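Asker:
Number of protein chains: 2
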Amino acid sequence: MRRIAFLTAVMSVCGVTALGAQADETGPADQTALTKTFDGAIQPNELRDWLKQLASQPNHVGSPHDKANAEWILAQFKAWGWDAHIEQFEVLYPTPVHESLELVGAKPFKATLQEPPIKGDSSATATQPALPAYLAYQGDGDVKGGLVYVNYGMKEDYDTLERLGVSVKGKIVIVRYGSGWRGLKPKLAYEHGAIGCIIYSDPHDDGYALDAVYPKGPQRPPRGFQRGSVQDMTLYPGDPLTPDTGATKDAKRLKIADAPTILKIPAIPISYADAKVFLSALDGQVAPESWRGSLPITYRVGSGKVLVHLAVKSDWSLKPIYDVIAVMKGAAYPDQWIIRGNHHDGWVFGGSDPLSGQVALLAEAKAIGALVRQGWRPKRTIVYGSWDGEEPGLLGSTEWAETHADELKHKGVLYINSDNNARGFLEVGGSQDLEHFVDAVAAKLTDPETGVSVDLRRRAKLRIDAVLSGAKDKDHQKAVAKMAANPDRDTPIEALGSGSDYAMFLQHLGLPALDVRYGDEGDSGGVYHSRYDTFEHHSRFVDPGFVYDTLLARTIGHMVLAAADADVPVERAADFAEEMAQDVSEIKKIATDKREAAEVQAGLLRDRAFALAADPTKAHGTPDALLAVPQFDFAPLDAAVTRLKTSAQAYDDALAAHGATLSGERLARLQALMLNIDQTLMSDTGLPGRPWYRNLVYAPGTLTGYGAKTLPGVREAIEQQRWADANTYIGLTAGVLNAFSDRLDQATAVLDAP
Amino acid sequence: MRRIAFLTAVMSVCGVTALGAQADETGPADQTALTKTFDGAIQPNELRDWLKQLASQPNHVGSPHDKANAEWILAQFKAWGWDAHIEQFEVLYPTPVHESLELVGAKPFKATLQEPPIKGDSSATATQPALPAYLAYQGDGDVKGGLVYVNYGMKEDYDTLERLGVSVKGKIVIVRYGSGWRGLKPKLAYEHGAIGCIIYSDPHDDGYALDAVYPKGPQRPPRGFQRGSVQDMTLYPGDPLTPDTGATKDAKRLKIADAPTILKIPAIPISYADAKVFLSALDGQVAPESWRGSLPITYRVGSGKVLVHLAVKSDWSLKPIYDVIAVMKGAAYPDQWIIRGNHHDGWVFGGSDPLSGQVALLAEAKAIGALVRQGWRPKRTIVYGSWDGEEPGLLGSTEWAETHADELKHKGVLYINSDNNARGFLEVGGSQDLEHFVDAVAAKLTDPETGVSVDLRRRAKLRIDAVLSGAKDKDHQKAVAKMAANPDRDTPIEALGSGSDYAMFLQHLGLPALDVRYGDEGDSGGVYHSRYDTFEHHSRFVDPGFVYDTLLARTIGHMVLAAADADVPVERAADFAEEMAQDVSEIKKIATDKREAAEVQAGLLRDRAFALAADPTKAHGTPDALLAVPQFDFAPLDAAVTRLKTSAQAYDDALAAHGATLSGERLARLQALMLNIDQTLMSDTGLPGRPWYRNLVYAPGTLTGYGAKTLPGVREAIEQQRWADANTYIGLTAGVLNAFSDRLDQATAVLDAP
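If you read the sequences in order, they're chains A and B. To convert a position in the first sequence, counted from 1, into the numbering used here, add 5. To convert a position in the second sequence, counted from 1, into the numbering used here, add 5.
1. Within the 9 Å Cβ cut-off, does G398 of chain A reach chain B?
2. What does DSSP give as the partner residue(s) for L400 of chain A in the beta ladder?
3. Would you list, in chain order, the members of the stretch 546-574 of chain B that have their beta-carbon closer than 7 Å to a beta-carbon of chain A?
4. Determine the direct distance from the alpha carbon of P99 of chain B to that of L667 of chain B, and round the result to whole angstroms.
5. So which residues of chain B does A116 of chain A contact, with C-beta pairs closer than 8 Å?
6. Let me confirm a value: V218 of chain A is counted as buried when at least 16 other C-beta atoms fall within 10 Å, else exposed. Which label applies?
7. I need the boundaries of the beta strand (DSSP E) containing K324 of chain B, first residue and last residue.
8. Cα separation between P63 of chain A and Y157 of chain A?
9. With a threshold of 9 Å between beta carbons, is G608 of chain B in contact with chain A?
10. Give, in chain order, every residue of the stretch 583-617 of chain A whose Cβ lies closer than 9 Å to some Cβ of chain B.
11. State the DSSP-derived secondary structure class of L672 of chain A, mapped to helix, strand or coil.
12. Just reading off the beta strand (DSSP E) that E432 of chain A is part of, what are its end residues?
13. Anything in chain B within Cβ reach of D620 of chain A, meaning under 9 Å, just list it in chain order.
14. Could you tell me which uninterrupted beta strand (DSSP E) segments, each at least 3 residues in length, are contained entirely in the stretch 138-170 of chain A, listed from first to last along the chain?
15. Candidates B:L268, B:F230, B:G185 and B:A214: which alpha carbon is nearest I200 of chain B's?
16. What are the residues of the stretch 295-312 of chain A that lie near chain B, defined by any Cβ-Cβ distance shorter than 8 Å?
17. Consider the Cβ of Q726 of chain A: report whether some Cβ of chain B lies at a distance smaller than 9 Å.
18. For the putative contact between P49 of chain A and G550 of chain A, defined by C-beta atoms under 8 Å, what is the C-beta separation to the nearest angstrom?
19. Can you give me, in chain order, the residues of the stretch 447-474 of chain B that have a beta carbon less than 7 Å from any beta carbon in chain A?
20. Whole-angstrom Cβ separation of E396 of chain A and S234 of chain A, contact assumed at under 8 Å?
21. Name the chain A residues that come within less than 8 Å of V102 of chain B, Cβ to Cβ?
22. Which residues in chain A have a C-beta closer than 8 Å to the C-beta of Y213 of chain B? List them in chain order.
23. Quick check on DSSP: helix, strand or coil for I498 of chain B?
24. Please state the DSSP three-state secondary structure of S285 of chain B.
25. Would you please state the rounded distance, in angstroms, between the beta carbons of L259 of chain A and I343 of chain A? I believe it to be under 8 Å.
26. For G356 of chain B, tell me which candidate among B:W321, B:D538 and B:S474 has the shortest Cα-Cα distance.
27. So the candidates are A:K124, A:L79 and A:H65; which of them puts its Cα closest to the Cα of H5 of chain A?
28. In this structure, what does DSSP give as the bridge partners for P101 of chain B?
29. Interface residues of chain B around V291 of chain A at Cβ under 8 Å?
30. Taking DSSP as the reference, what is the three-state secondary structure of K190 of chain B?
31. Tell me I203 of chain A's beta-bridge partners as DSSP assigns them.
32. Using a Cβ cut-off of 7 Å, pull out every chain A residue sitting near A490 of chain B, in sequence order please.
33. I'd like to confirm the pairing. Which residues does DSSP put opposite A704 of chain A in its beta bridges?
34. Near A754 of chain A, what residues of its chain come up, given a Cβ to Cβ distance below 8 Å and the 5 sequence neighbours on each side ignored?
35. Just checking: is the beta-carbon of P497 of chain B within a distance shorter than 9 Å of some beta-carbon in chain A?
The following block contains the structure:
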């Protein structure tokens, strides 16, 4: 029913463009005039006023202001000339009924679980209540157990625990935010036998170690905490009860007990003011150096003798979410959709996250509306989505896209996402056949701080980061920097994993997707998912003057206009081929490194070196033996990459030679081959253990959560010692790359045809 | 005069051994009986009592207890049958007259500069005064200036400051202990234009971050600080006024103003309780991540607006130091000396540093005395040195060895050093042709904690460290681990730089040297050079039961006995050759890496990437351009290493085949060629800018201070962009390696002669 309503909306307008004819993605001629007009319609003060209004009250799922915002956004779209409506879904969205966390024993202590208001901030002026410390889709329970500190709670931390001779079985773990996605922390704790999980924000990671704390500076104050979702989105995002189906009122639903993405143990977030009490109570051996945060204490792992009591009880009812969908129908290709989205729900006020991106989206929509009023029409249909329920698990975008999946697969040409935004550098992630497209836009935008192009500045940043940062993936960074240093090559963009509303489009449907933001200088990390992510914080510390929020609107606006009006596909293949070659070489290196590590470790175990090098006065253990790493037959992947490079260069050359003059039947054939070429990278088998993830080139890592893994079927199989999977997915992955090459070859033939 | 007295002493006794005839360094037959007897004479309770006595009062240079200890030690040696005397020198040794450090301005603060007594500790029971916060050979002055935080104050920190756009010119710097040698911190500060230097102990490096603080745990309490010397020992150690000459009463002395090793600016050490006030007052930009310690503050670099006032005034008179020299004359080779030393002066009580090593030395001396009483005599002469004045600058050992330099070059066969000791793993540094010698001893000693040999345990540790530690020199660590994993190879030992009394012997005279300790489990780092390095601290946290101090005495004792009694030289050449090959390969990699870094940086500077990647709201700068790295002609070094490997293997093989049966004239010829072979590695030219350092294979780094640089003439020239020096020292270094090979070839000829 919702789907029919949507289709009606899409088909409602038709016309021919006045300003934008014949423009391609590099934007010559009248496209420049168009973007100039567009830019003039975007005013920082409007973004400021909208953000202030939208962030005036808590706007999480189920709050009155969430619904009010959706309705207000709808009204704006309509006023700006868009065909808009609200699409509502009914999702499982637990809310806290009772919570408590106590240190038991001689010096009892009860965690506060509330963030105090700060004078001069929305946290003090808002009249509606904020959610307390809470993690959506945690597992409810009333547990008591010994406390163990597990650092970031990632896989390597459990490896370390094993060496330290400490088990979390039957224990409650305390883990700090950072390093990997929040939801993995209680999940891994559960898988290692823990019965509860406390997640705290260490000042090392987003508190005073980084800068003064709010309100004096941008960073997390002692009693601020990070809410968030712990839904297992490595399996699938969206409503846990309706995988693969839109969560419409009458949808078939799983039982809560059967929903695999709901955590099995209780979990709760706390502040560092609270955490300090729990951590400094810990006994047992001193935590390893890399585990130590910035609290003025001796970080200890904990012997399990210090007891804590954790109880969480939630209301597990369905709640409504409100997606605002707005359509501007294309004049030439109405069934080719450029989709643009940003969520509107926050954890509390959502000043930076998501409203800084949301007001950019609104500004674009208003400017597009103004262009249309002036007589311009996009060639393609433009669909704007203001998603609800992103925070608990990408609910709004996933349910909408599941509801319209078939249509999206046929009509979706590109999805462009944003979320939070800040002052600084253009940061783009996405499908790497869009590097040229992004470059063309970024090269024409001027960075307000330096006066050079946004592209030049991000290239400088990528190169400097490779030299100065101490990142783990130094080789990858160096490869990226080398690409960025080559002025004849497009600036590389990073692969996408998950964590925002692009996931469904990219990972499940296979649409090409981009996630766009500015950042790195302004900083909202210190108030991330806290009550202090407010209008005031954003205005003072994240993007003073709304300069970069405005620039985000212009940046994505140019992308939308270019993608909507380009007759020929915006993809370029050589960049993508080079990225794939780099990925395959990284994967081979992983295999080589792991083989060496397994051989070294086998020697260490044989010679009892772990035991002999341990301090016998402290607990210690021996790591599980690594499996010997076989020699993989990478030949199919190597061949696929070699072929891809050739096919890609031929296609790009042919497009450069003949693309501009293409029309009629040949243009239609080229579009048919190329507009959905990214879907050739999908597999019906999906990834091992998580068939919802169908993209064999991009996925969130099962052990990173948000962070991307490229060629994940092969890469993660090798990383995780699943040799059979590695061999299977070498074949499957080579297969999709070859399918991509097939398409390219067909498209080249169309272009080169006499 | 002193020298004559010494010679008389050496020549006084002569006899033939009862127990030790024909033993070689692998210790078969009667050597085993000898070491068993020796071991039985070493009793933990004696070490405990001696340490308690020696550490009962402050014993720094010039203190009454320093002299009393020397006299007491002398009496012991004499009682144990040694020919012993005190050799006195008159050295420049400044002591504080007035010191103050204040934060000036709205919230003034005066640093305490005193360590309070701790109940139950010698700091509370001793009756004589401790030195206050003081750095020997700092520059005196009364300065006022803006404060700037410079992290560890090493070269790379100044590179970072340059990028941050911060200058220390005319400023007072505050720097934390760690990363490199103390003395480099004010030296580099001065060279960058600073007018004063404050050095503090961050809890990250030896305070609560590592463990509970004293007296609850071993680590540095809030008001503890680290005294020390800031004499520029990268130029030369010893009395600043008498380089190359013994500081006897009538020695010719430099004027203080002309002494190059005295610092030019005032400097002072403070505690972290004091440092917190200064650091939290700082304004300006936030310090980079790797600069942040464990204080609960935002570490900032400082804009220079926060003012401090530092004043230090010292008494620059000469003070006496008392070396105790004890001789046990050799029966067979009286003019071949095995020298063994450990200093007896501390900064305050010196519980761990140096008395844990000193009591081991005493225990060895007593046991050797007992062996002699039973009728045994060493074949070689054994010389024990209990040095004074090590802490201010290796004064006692340097002045003694300078006084007796000619004799030592002719008679010195081996110098074995120790200093502080702790529970844990055998850690040996030294001349790498002694790896086999060390291995032979370590393989026969049982680790008290694990029951395996000390050698097996240290091999395990080296291998595990390479896997688990996050050290910068990962490649070097992996190479070391690979050697340690090979049971057919001797365990590698690390090269020595400086920082204890071996420096003069190894770096200036060219004697083969070893520095021996146990450690890594017990920990005296938290009280290092503080008032809390006491008998109580050592007994509770560093070596409970004096188990490892006893083991140190046995370990070094076995070395002394083996070296004294081995007819054939204890050096083995193949290990050394392999180490040299590894060093040359490391140096080539440095050149390659630096070449790439210079090329990358040239591109970054050309494209203004540093400026574009900087946040324009913060100060920032551009780094100095790295020099383009030429292609060096490493051929002479490569050829020297190739030859060395061949000559070394041939020598080791010949020694194995014929060494045991050698006697008479041929044995004498072999000894003449091999006992001083390490001196072939010396050059009269010395190292660039510091001719006192004559060893072309081992030296302390000019930018590390204590840490060794192997093949330093070449390595540091490349690291420091002195290309002409690099080319010159490739030749010179190849020359000394070839001279070493020449000797080996001659020795092989002697061994293989029919």
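Here a beta-carbon is modelled for each residue, glycine too, at the ideal position from N, C-alpha and C. All values derive from a computational prediction rather than experimental measurement.
Answerer: Inspection of the coordinates gives the following:
1. no
2. Paired residues: none, contrary to the question.
3. none
4. Here the alpha carbons of P99 of chain B and L667 of chain B stand approximately 54 Å from one another.
5. The premise fails here: A116 of chain A is roughly 20 Å from chain B at the closest Cβ pair, so nothing lies under 8 Å.
6. buried
7. L323 to M333
8. 29 Å
9. The beta carbon of G608 of chain B sits closer than 9 Å to some beta carbon of chain A.
10. Flagged, chain order: A602, V605, Q606, G608, L609, D612, R613, A614, F615, A616 and L617.
11. helix
12. G429 to G435
13. R428, G429, E454, D525 and E526
14. Taken in chain order, the complete beta strand (DSSP E) segments of 3 or more residues contained in the stretch 138-170 of chain A are 146-154.
15. B:L268
16. S295, R297, S299, L300, P301, I302, T303 and Y304
17. no
18. 6 Å
19. E454, T455, V457, L461, R462, A465, K466, R468, I469 and V472
20. With a beta-carbon spacing of about 6 Å, E396 of chain A and S234 of chain A fall inside the 8 Å limit used to define contacts.
21. By Cβ distance, chain A contributes nothing, its closest Cβ being about 35 Å from V102 of chain B, past 8 Å.
22. P301, I302 and T303
23. coil
24. helix
25. Between I343 of chain A and L259 of chain A the Cβ distance is about 34 Å, and since that is not below 8 Å, they are no contact.
26. B:D538
27. Look at the range of chain A in this structure, 6 to 759, and you will see that residue 5 of chain A is not part of it.
28. B:S319
29. L215 and D216
30. When DSSP states are grouped into helix, strand and coil, K190 of chain B belongs to the helix group.
31. A:I179 and A:I273
32. The answer, in chain order, is G608.
33. DSSP lists A:K714 as the bridge partner or partners of A704 of chain A.
34. none
35. Output row for P497 of chain B: interface = no.
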